[in-house]
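Student: Input: one structure, supplied below.
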Amino acid sequence: MRAGLATLAALAVLALGQPALAQQTVRPGSPPMAAPERVLAVDPADRTLGRDDAPVTLTAYLSTVCGHCADWHEADFPEIKRRLIDTGQVRVVWRDLPTNPPELALAGAVLARCAAPEHYDDALGALFRGQATYLRSGNVDGWLISAATAADLPLDQAQACVNDDSRYAEIETRARQASSLGVRSTPTLFLDGVVTPARTADEIEAAIVGRPRPATLSAD
């Protein structure tokens, strides 16, 4: 069985020496190690934010323990949401790409996906904010509980969630699919299926104007 809220901290110590599913994190504004050219098409299992009929899709590959992901989500994403998502211009598709330590990254990803879809971003934001508050002090349980609380996820449901092996397997499978297509670092963003170094609202607006045609693959 996977780690529950009360036992995850002990397993996290063992996870520090395990290989990550993603190779590294990258600084905001920097291109990935090897620029991927394709991204999986949106499917019903994805967590999204914004109108389904928005003319532009922003796909974001993130890790819940990635510091640069947290910086982007806290510093740049609120303005992206206000100017582009809330106005119906852009839909965001969230994708998990766990990084070291994988046990923590996977547990955070699983817990966020266990929240109701409309509260996914609430959980994700709490996990990113909690990196400094909880993870630096080793309080993994507090980190997960803070995310569950932000997403209105009852703790008994959160406990069952992080003990469900099938949820981890789903994330691991999708992360390997992304890696096979060349997505190997976080954060990695795509605009309509084309990788972009854009991170701020201004940069994304400018990239949208000159974006290439979509290049997506089916999930089959």
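Mind the numbering: the sequence shown is residues 31 to 250 in the numbering used here, read in order. The beta-carbon is built from N, C-alpha and C at its ideal position, and this holds for glycine as well.
(1) Could you check which residue in R125, R112, P108 has the C-alpha nearest to that of V69?
(2) Please identify the residue among V72, C99, V86 whose C-alpha is closest to the C-alpha of E235.
(3) Relative to the C-alpha of D151, which candidate in Y164, D83, Q119, P108 has its C-alpha closest?
(4) How about R113 and A231: do their beta carbons lie closer than 8 Å?
(5) Taking all protein chains shown into account, decide if G80 is buried (16 or more other Cβ within 10 angstroms of its Cβ) or exposed.
(6) To the nearest angstrom, how far is the alpha carbon of I175 from that of L185?
(7) Looking only at its own chain, which residues have a Cβ that is under 6 Å from the Cβ of L157, when we skip the five neighbours before and after it?
(8) Exposed or buried, which one is T129 when buried takes at least 16 other CB atoms within 10 Å?
(9) Which residues share a DSSP beta bridge with R113?
Tutor: According to the structure shown:
(1) Locating residue 69 in the sequence shown gives position 39, where the first residue counts as 1. The shortest Cα separation from V69 among R125, R112, P108 belongs to R125.
(2) For the purposes of this step, residue 235 is taken as residue 205 along the sequence shown, with counting starting at 1. For the residues V72, C99, V86, the minimum Cα distance to E235 belongs to V86.
(3) The sequence position of residue 151 within the sequence shown is 121, counting from 1. Considering only alpha carbons, the answer is P108.
(4) Position 83 of the sequence shown, counted from the first residue, corresponds to residue 113. Position 201 of the sequence shown, counted from the first residue, corresponds to residue 231. Their beta carbons are under 8 Å apart, which means R113 touches A231 by this criterion.
(5) One-based indexing of the sequence shown puts residue 80 at position 50. Buried is the call here.
(6) If you number the sequence shown from 1, residue 175 lands on position 145. If you number the sequence shown from 1, residue 185 lands on position 155. The straight-line gap from Cα to Cα measures roughly 7 Å.
(7) Here residue 157 refers to the residue found at position 127 when the sequence shown is read from its first residue. Taken in chain order, the residues that qualify are T94, G138, A177.
(8) Residue mapping note: residue 129 aligns to position 99 of the sequence shown, counting from 1. Flag for T129 reads buried.
(9) Stepping through the sequence shown from its first residue, residue 113 is reached at position 83. The partner list for R113 (beta bridge, DSSP) is empty, contrary to what the question assumes.
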